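S.K.: Starting off with a structure, shown below.
In the numbering used here, the protein residues as written are 5 to 371.
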């Protein structure tokens, strides 16, 4: 017979069994997941530390994503500028050949500019395509205006140069007149008549390009109105980098001028001097563009090396934080296995005792 005293003991045994069952569920979960709990509250006093570690790790992951984006853009830009360098080398060689041929043949024969014209026209189109390069749907040479092609059309530039050559070159017999033509050609591309100015922008200053926006419609209106800043990315808590070049950078304006000159130049009868002046300007511009482009590639390389170093630092810190987070959130599997075994043994014992208490009833309780 079970009396009130024994019923109280039985009830406590049921409560203990329920507690052991909850512990068994928790231990089974820990054994399968390796974690102390499934919610932050399971960590107790270590919850705040877990939140802080995860917050820092999340921020570092964001920096790493930014670095990956910069690396991708920089790699694509580097490839594009390598092709531009090849294009410039071919153009420089042809300009040099035409000048050499002129020196050899003298002024009696009118030079055949057909190949130079074709090279320049194809080069303009190739440069346009390279400056309109896209990565993940974004134009890499468009600065902050990533959704619009920075160089929508080169036909207007070609037509402007062609008209200038036809209208003014035949009568440009003096140095002053030849200089005026070159000045006009600069205006079609966007270069001002004097040295291109630049202004710093707020952080790690990229350069904003000032001067003429071009009268030939070479660059998109949105690019001209978007300001001069190149792309900027936060790569560390106290570091953001500017990277890349816009399509209206001085080096690209020079390249378009050299290519458009090659595409449209002719030697008017009776004005070899004017032709020679434009050949020289085209050659000098091409040569300086090669140097400028090499410098820009070098700057891009420095940026890539810097962010690679920062990325490696982030990896090291994340590795340490992962260990620290494990100390807070992970369980000792050996300890869990021991506790699981002990808990199972205790549960089996309580089940046996409960099975033996079969005589509990309301009548026994009241007696």
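No residue lacks a Cβ here, since even glycine has one placed at the ideal position from N, Cα and C. Because the structure is a prediction, the values reported are computed rather than measured.
Using 7 Å as the threshold, is the C-beta distance between residue 165 and residue 268 below it?
M.R.: Closer than 7 Å, so yes.
S.K.: Can you tell which of 23, 21 and 58 has the C-alpha that lies nearest to the C-alpha of residue 329?
M.R.: Closest by alpha carbon: 58.
S.K.: Around the C-beta of residue 256, are 16 or more other C-beta atoms found within 10 angstroms, so that it is buried, or is it exposed?
M.R.: Looking at its Cβ environment, which holds 16 or more other Cβ atoms inside 10 Å, residue 256 is buried.
S.K.: Check this for me: beta carbons of residue 156 and residue 145, under 7 Å apart or not?
M.R.: No, Cβ-Cβ distance for residue 156 and residue 145 is not below 7 Å.
S.K.: For a test of the three-state rule: what should DSSP assign to residue 223, helix, strand or coil?
M.R.: Of the three classes helix, strand and coil, the one that applies to residue 223 here is coil, per DSSP.
S.K.: Please report the distance separating the alpha-carbon of residue 105 from that of residue 250.
M.R.: Distance between the alpha carbons of residue 105 and residue 250 is about 37 Å.
S.K.: Between residue 106 and chain B, is the shortest Cβ-Cβ distance under 7 Å, so that the two count as touching?
M.R.: Among the chains in the structure shown there is no chain B, since it carries only a single protein chain.
S.K.: Could you tell me if residue 76 is buried or exposed, where buried requires 16 or more neighbouring beta carbons within 10 angstroms of its beta carbon?
M.R.: So residue 76 counts as exposed.
S.K.: DSSP three-state call for residue 3: helix, strand or coil?
M.R.: No information on residue 3 is available, as it lies outside the stretch 5 to 371 that the chain covers here.
S.K.: I'd like the span of the alpha helix (DSSP H) that includes residue 141, first residue to last.
M.R.: That residue, residue 141, is in no alpha helix (DSSP H); it is neither H nor E in DSSP.
S.K.: Could you check whether residue 254 and residue 174 sit closer than 7 Å to each other, using their CB atoms as the reference points?
M.R.: Going by C-beta atoms, residue 174 is not nearer than 7 Å to residue 254.
S.K.: What would DSSP say about residue 155, mapped onto helix, strand or coil?
M.R.: Coil at residue 155, not helix or strand.
S.K.: Could you tell me which whole beta strand (DSSP E) segments of length 3 or greater appear in the region 54–83?
M.R.: Entirely contained in the region 54–83, not one beta strand (DSSP E) run reaches 3 residues.
S.K.: Tell me, to the nearest whole angstrom, how far the beta carbon of residue 291 is from that of residue 193; I am working on the premise that it is less than 8 Å.
M.R.: Actually they do not touch by this definition, with Cβ atoms about 17 Å apart.
S.K.: If you drop the 5 nearest sequence neighbours on each side, which residues of the same chain put their C-beta closer than 7 Å to that of residue 70?
M.R.: Contacts found: 237, 238 and 239.
S.K.: Between the beta-carbon of residue 52 and the beta-carbon of residue 332, is there less than 7 Å?
M.R.: No, the Cβ-Cβ distance between residue 52 and residue 332 is not below 7 Å.
S.K.: Would you decide whether residue 355 is buried or exposed? Buried here means 16 or more other CB atoms lie within 10 Å of its CB.
M.R.: Exposed: under 16 other Cβ atoms inside 10 Å.
S.K.: Measuring alpha carbon to alpha carbon, tell me which residue in 280, 137 and 124 is nearest residue 83.
M.R.: Residue 137 is the option with its Cα nearest to residue 83.
S.K.: Hey, residue 88 and residue 161 are a contact pair by Cβ (cut 8 Å); roughly how many whole angstroms apart?
M.R.: The Cβ separation is near 17 Å, so there is no contact.
S.K.: What residues match up with residue 246 in a beta bridge as DSSP calls it?
M.R.: Answer is 236, bridged to residue 246.
S.K.: Can you check whether the CB of residue 191 is closer than 7 Å to the CB of residue 225?
M.R.: Contact: no.
S.K.: Measuring CB atoms only, is the region 123–130 touching the region 90–103, in the sense that at least three cross pairs come out at less than 8 Å?
M.R.: As far as the Cβ criterion goes, the region 123–130 touches the region 90–103, which means the pair count is three or higher.
S.K.: Which residues in the same chain have their Cβ closer than 8 Å to the Cβ of residue 172, if we skip the five residues on either side of it in sequence?
M.R.: Closer than 8 Å at Cβ, skipping near neighbours: 181, 184, 185 and 188.
S.K.: Drop a sphere of 10 angstroms on the beta-carbon of residue 313, count the other beta-carbons inside from all chains shown, and report buried for 16 or more, exposed for fewer.
M.R.: It counts as exposed.
S.K.: Under 7 Å, do residue 102 and residue 123 count as touching if we go by C-beta distance?
M.R.: In this structure, residue 123 does not lie closer than 7 Å to residue 102 by Cβ.
S.K.: Our contact map puts residue 259 next to residue 293 with C-beta atoms below 8 Å; I'd like the distance itself, whole angstroms only.
M.R.: With a Cβ gap of about 5 Å, residue 259 and residue 293 count as contacting.
S.K.: For residue 339, name the three-state secondary structure that DSSP assigns.
M.R.: Three-state DSSP puts residue 339 in a helix.
S.K.: Nearest to residue 67 by CA position, among 350, 345 and 322, is which residue?
M.R.: Ranking the options by Cα distance to residue 67, first place goes to 322.
S.K.: From what residue to what residue does the alpha helix (DSSP H) around residue 252 run?
M.R.: Per DSSP, residue 252 belongs to no alpha helix (DSSP H) and is neither H nor E.
S.K.: Could you check the C-alpha separation between residue 235 and residue 300 for me, to the nearest Å?
M.R.: Computed Cα separation, rounded: 15 Å.
S.K.: Quick one, are the C-beta atoms of residue 139 and residue 60 less than 7 Å apart?
M.R.: Cβ distance not < 7 Å, so residue 139 and residue 60 don't count as in contact.
S.K.: Whole-angstrom Cβ separation of residue 279 and residue 78, contact assumed at under 8 Å?
M.R.: Going by Cβ atoms, the distance from residue 279 to residue 78 rounds to 41 Å, so no, they are not a contact pair.
S.K.: Can you give me the Cβ contacts of residue 352 inside the same chain, cut-off strictly under 7 Å, excluding the 5 residues immediately before and after it?
M.R.: Excluding positions up to five away in sequence, the list is empty.
S.K.: For the alpha helix (DSSP H) containing residue 146, name the first residue and the last one.
M.R.: No alpha helix (DSSP H) contains residue 146, which DSSP labels as neither H nor E.
S.K.: Assign residue 74 to buried or exposed, taking buried as 16 or more other Cβ atoms, counted over all protein chains shown, within 10 Å of its Cβ.
M.R.: Buried.
S.K.: Among 324, 318 and 345, whose alpha-carbon lies nearest the alpha-carbon of residue 64?
M.R.: Of the candidates 324, 318 and 345, the one whose C-alpha sits nearest the C-alpha of residue 64 is 318.
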